[in-house]
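First comes the structure, then the notes that go with it.
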Amino acid sequence: MSIITLRESITQALREEMARDEDVFIMGCDVGLRGNPFGITKGLMNEFGEKRVIDTPISEAAFTGLGVGAAIAGMRPLVEILYCDWLTLPMDNIVNTAAKTSYMFGGQANVPIVIRAPFGVGGGVAAQHSQNNENWFVHVPGLKVIAPSTPYDMKGLLKSAIRDNNPVMCFEHKRNYSIKGEVPDGEYTIPIGKANIRKQGTDCTIVTYSYMTYVAEAAAAELEKDGISCEVIDLRSLLPLDYETVMDSVKKTSRVVVVTEAPLRGSIAGEIVGEILDRGFDLLDAPPQRVGSKNSPVAYNEGLEALCTPKKEDIIAAVRKTFE
Amino acid sequence: MKNTNCIEEIKKEFDAYAEMYVPEGLDREEQLRMYSIMWLMRKFEEAVKPLWMANKVHGYYHPYITEEAIATGIITQLKKSDYVGSTHRGHGHLIAKGGDINKMMAELFGKEEGYNKGRGGSMHISDMSIGMLGATGIVGAATAPAVGSALKSWIKGTDDVTVVFFGDGGSNAGSICEAMNMAAAWKLPVVFVCENNQWAIATDIARVTGEPDLYKRGTGFGIPSCRVDGFNIYQIWDTAKTAIARARAGEGPSFIECKTMRMLGHHATDDSWYRDMSVCDKYWEIEPIKRMGEFLVGNKIATQEELDAIEADAMKQVEASIDYADNQCHEPSLDTFYDYIYADGEVIK
Ligand SMILES: Cc1ncc(C[n+]2csc(CCOP(=O)(O)OP(=O)(O)O)c2C)c(N)n1
Ligand SMILES: [Mg+2]
Chain A
129 MSIITLRESI
139 TQALREEMAR
149 DEDVFIMGCD
159 VGLRGNPFGI
169 TKGLMNEFGE
179 KRVIDTPISE
189 AAFTGLGVGA
199 AIAGMRPLVE
209 ILYCDWLTLP
219 MDNIVNTAAK
229 TSYMFGGQAN
239 VPIVIRAPFG
249 VGGGVAAQHS
259 QNNENWFVHV
269 PGLKVIAPST
279 PYDMKGLLKS
289 AIRDNNPVMC
299 FEHKRNYSIK
309 GEVPDGEYTI
319 PIGKANIRKQ
329 GTDCTIVTYS
339 YMTYVAEAAA
349 AELEKDGISC
359 EVIDLRSLLP
369 LDYETVMDSV
379 KKTSRVVVVT
389 EAPLRGSIAG
399 EIVGEILDRG
409 FDLLDAPPQR
419 VGSKNSPVAY
429 NEGLEALCTP
439 KKEDIIAAVR
449 KTFE
Chain B
399 MKNTNCIEEI
409 KKEFDAYAEM
419 YVPEGLDREE
429 QLRMYSIMWL
439 MRKFEEAVKP
449 LWMANKVHGY
459 YHPYITEEAI
469 ATGIITQLKK
479 SDYVGSTHRG
489 HGHLIAKGGD
499 INKMMAELFG
509 KEEGYNKGRG
519 GSMHISDMSI
529 GMLGATGIVG
539 AATAPAVGSA
549 LKSWIKGTDD
559 VTVVFFGDGG
569 SNAGSICEAM
579 NMAAAWKLPV
589 VFVCENNQWA
599 IATDIARVTG
609 EPDLYKRGTG
619 FGIPSCRVDG
629 FNIYQIWDTA
639 KTAIARARAG
649 EGPSFIECKT
659 MRMLGHHATD
669 DSWYRDMSVC
679 DKYWEIEPIK
689 RMGEFLVGNK
699 IATQEELDAI
709 EADAMKQVEA
719 SIDYADNQCH
729 EPSLDTFYDY
739 IYADGEVIK
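Residue numbers (my numbering), protein chains in the order written: chain A, 129 to 452; chain B, 399 to 747.
What follows is the structure in structure tokens.
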């Protein structure tokens, strides 16, 4: 075991998979010489050469398209979009080509691409560098979506994503990059589509993912002092989503709060609540609660920025509401 | 290194180098006005970094230092109703269009009195009242919308002109090519200005294009295109004058590549570790303010005392703007959280 940051866990996953499979390569703005602004790909160009770590021009639409095409031709590209906000630029090739080629071609071609995108609110970088767009991709059949929160999960899931024969979107919360955690020294993977119970509990289930997992854990710790025992589920993958784990927990607690950092309207929180109601309306003792960001772009001003996202107190209030 | 040796070396490696001259129609008063605008930009940007370090300003901030001649030489020729499309490095564009540095500084402080009411910060700074269409956080993405203002002028038959800026990095965004094509097809009143400082963060333009002479792209679309020395305000002014007149006369777009050199980090805290900054030493000898100042004095257009007074005045204005932003402005009220998401005061939560 070693203790590393989530940032380093990504680097390890990339390095190990590139060493393991020579079809794996990385593309993106400043991923080579500079090693990405967060230092994630630092050193990889020296190690693997300029054909496997490719510095692109600022042509997100086209270089992602090239990645999709290389995947169809049999490579395993890792494309980096520096902020998820700019996934709008290559959206067409993600949604209309990557997600649909296998189906449209009757299974003749796979698109084993991984698109990594930092996301989330924080740092006063305003409306075009702060979004939570993961929800959009959950709406697209043909894609898989992961958003792990710990170094251990990130490494294991990213490795699975690289080996997966489908297009996988990997969302990395910027506030998680410096979080540290234990990672085994040896080889391991974590299957896409399996949630992780971060804290066992009996009274209320909190379903969440990525950075909000930490906020939910803090809320659960505080509620524990008042005798309310919450079970905290970190989904890790959003598509496919581990409803077995969610429903097993709801069976036990009969109460559920779903938390996302995305603007709440139209978010995955509503989708998860809908699925829970379909699968187990009768299990519930209280209406499910949703917690998300306010339906607003993210401001530059720090006060307005802070007001936007869910806080520990919001989650606590939502849990309490299930006891009213 | 001696100045003259530097110039000889620069001439060898900087293919855009052009001698300074006073173009026809550019009087002394206008030259001094441009000189003072460049100082205002410089002093403003120099003031921001320490403020960023002191946590008064946050987020991403990209200084316009050493590119002042480009915005100044071009935008000062526009009238109020003309439009300017900007980049992430937009402070200079706004100052040249007549922006109020008090409101700019207040915006960088995130204050309600700022241009964007604290919502946008440096990367989105804009002043619609003078046609400055805003800085942008997404490289290349603001160009097509800026050309849209030229589309308006074309449809309405006004004589307003749009000048749209983008970097060497931004030039590789596909939608810029698409927008150039339409501008050429319909003869839209646009001047495309590529601020080629040869770097996009850590990417040397030569590594990501097969043709580093970026102006040639305009030629491919049938747009009259040329390259100028981005440190030479006179050549920039002269070239832009023709391009703006052409657009205003309804003859269509032009493309000007202003070749320069990024001599500082990409943003406030970037130390440019990924490149050899010593190559910039000689370029500091031709940085636009020093160069214009030497020319003005050398050609007896102005005295050193006049120039010093201009510099001092710019400093005073910037100091006043900091005092204004820090001491006289207010944090946006949290009650206004939902304001401006929709037009006309409508709130949809
Ligand atoms: C679509 C997009 N890709 C990448 C970035 C990250 N980024 C911000 S500025 C920049 C470099 C831009 O270079 P250039 O257009 O030459 O302008 P300069 O910074 O040199 O003025 C990059 C890559 C971005 N903001 N938007
Ligand atoms: Mg550049």
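Note that CB positions come from ideal geometry on N, CA and C, so glycine has one too.
{"Check": "Ordered along the chain, which non-local residues of its own chain (more than five positions away) have a Cβ less than 6 Å from that of GLY628 (chain B)?", "Outcome": "ILE468, CYS656, LYS657 and THR658"}
{"Check": "Hey, could you find the ends of the beta strand (DSSP E) LEU367 (chain A) is sitting in?", "Outcome": "365-367"}
{"Check": "With a threshold of 16 other CB atoms inside 10 Å of the CB of HIS728 (chain B), please say whether the residue is buried or exposed.", "Outcome": "exposed"}
{"Check": "Using 10 angstroms around the beta-carbon of ASP743 (chain B), count the other beta-carbons present and answer buried if the total reaches 16, otherwise exposed.", "Outcome": "For the record, residue 743 (chain B) in the displayed sequence is Gly; it is not Asp. Label assigned to GLY743 (chain B): exposed."}
{"Check": "Do you know whose CA, among B:GLU407, B:ILE642 and B:VAL446, lies nearest THR474 (chain B)'s CA?", "Outcome": "B:ILE642"}
{"Check": "Which class does PRO246 (chain A) belong to by DSSP, given the choice of helix, strand or coil?", "Outcome": "strand"}
{"Check": "Is ASN188 (chain A) near ligand 1, with its Cβ less than 7 Å from a heavy atom?", "Outcome": "At residue 188 (chain A) the sequence reads Glu, which differs from the Asn that was named. Yes, since a heavy atom of ligand 1 falls inside the 7 Å radius drawn around the Cβ of GLU188 (chain A)."}
{"Check": "CA-CA distance, ASN630 (chain B) and TYR419 (chain B)?", "Outcome": "9 Å"}
{"Check": "Which same chain residues end up closer than 6 Å to ASN324 (chain A) when comparing Cβ atoms and leaving out the 5 residues on each side of it in sequence?", "Outcome": "ASP362 and ARG364"}
{"Check": "Less than 7 Å between C-beta atoms, sequence neighbours within five positions excluded: which residues of the same chain meet that for ALA494 (chain B)?", "Outcome": "ILE435, ALA469, THR470, ILE473 and THR474"}
{"Check": "Is VAL207 (chain A) close to chain B, meaning its C-beta is less than 8 Å from at least one C-beta of that chain?", "Outcome": "no"}
{"Check": "Heavy atom of ligand 2 less than 7 Å from the Cβ of ALA604 (chain B), yes or no?", "Outcome": "no"}
{"Check": "Evaluate ASN595 (chain B) with the Cβ neighbour count: other Cβ atoms within 10 Å of its Cβ, from every protein chain shown; 16 or more gives buried, anything less gives exposed.", "Outcome": "buried"}
{"Check": "For ASN579 (chain B), which residues from the same chain have a beta carbon less than 7 Å from its beta carbon, with the 5 sequence-adjacent residues on both sides left out?", "Outcome": "PHE619"}
{"Check": "Could you tell me whether any Cβ in chain B is nearer than 8 Å to the Cβ of GLY431 (chain A)?", "Outcome": "yes"}
{"Check": "Using a Cβ-based criterion (distance less than 7 Å to any ligand heavy atom), does GLY565 (chain B) qualify as near ligand 2?", "Outcome": "yes"}
{"Check": "How big is the Cα-Cα spacing for MET399 (chain B) and ASN514 (chain B)?", "Outcome": "Unreliable placement is indicated for MET399 (chain B), whose pLDDT of 48 sits below 50; no coordinate value is reported for it."}
{"Check": "Judging by CA-CA distance, which residue of A:ALA414, A:ASP313, A:VAL378 and A:ARG291 is the nearest neighbour of THR330 (chain A)?", "Outcome": "A:VAL378"}
{"Check": "Which residues does DSSP list as the beta-bridge partners of VAL625 (chain B)?", "Outcome": "According to the sequence displayed, residue 625 (chain B) carries Arg and not Val. According to DSSP, which records beta bridges pairwise, ARG625 (chain B) is partnered with B:GLU655."}
{"Check": "Straight-line CA distance for ALA710 (chain B) to GLY518 (chain B)?", "Outcome": "30 Å"}
{"Check": "My output table needs one value for ILE699 (chain B): the three-state DSSP class, helix, strand or coil.", "Outcome": "coil"}
{"Check": "Which chain A residues are close to GLU609 (chain B), counting only those with a beta carbon under 7 Å from its beta carbon?", "Outcome": "Those within 7 Å of GLU609 (chain B) in chain A number zero; the least Cβ separation is about 12 Å."}
{"Check": "Below 8 Å on the Cβ atoms is my contact criterion, and I expect ALA344 (chain A) with ILE334 (chain A) to pass it. Report the Cβ-Cβ distance as a whole number of Å.", "Outcome": "5 Å"}
{"Check": "In angstroms with no decimal places, state the Cα-to-Cα distance between ALA289 (chain A) and LYS322 (chain A).", "Outcome": "13 Å"}
{"Check": "Do the segment 213-227 of chain A and the segment 191-199 of chain A make contact, defined as three or more Cβ pairs closer than 8 Å?", "Outcome": "yes"}
{"Check": "Can you find the residues in the same chain that come closer than 8 Å, C-beta to C-beta, to MET129 (chain A), ignoring five residues on each side of it along the sequence?", "Outcome": "GLU310, VAL311, PRO312 and ASP313"}
{"Check": "Along the chain, where does the alpha helix (DSSP H) containing ARG646 (chain B) start, and where does it finish?", "Outcome": "631-646"}
{"Check": "Run through DSSP, which three-state label would HIS301 (chain A) get?", "Outcome": "strand"}
{"Check": "Contact criterion: CB-CB distance below 8 Å. Does MET399 (chain B) meet it with respect to chain A?", "Outcome": "At MET399 (chain B), the pLDDT of 48 sits below 50, so the modelled position is not reliable; the number obtained from the coordinates is stated separately. So, not an interface residue."}
{"Check": "Between which residues of its own chain and PRO730 (chain B) is the CB-CB distance below 7 Å, once the five residues before and five after are set aside?", "Outcome": "GLU510, LYS515 and GLY516"}
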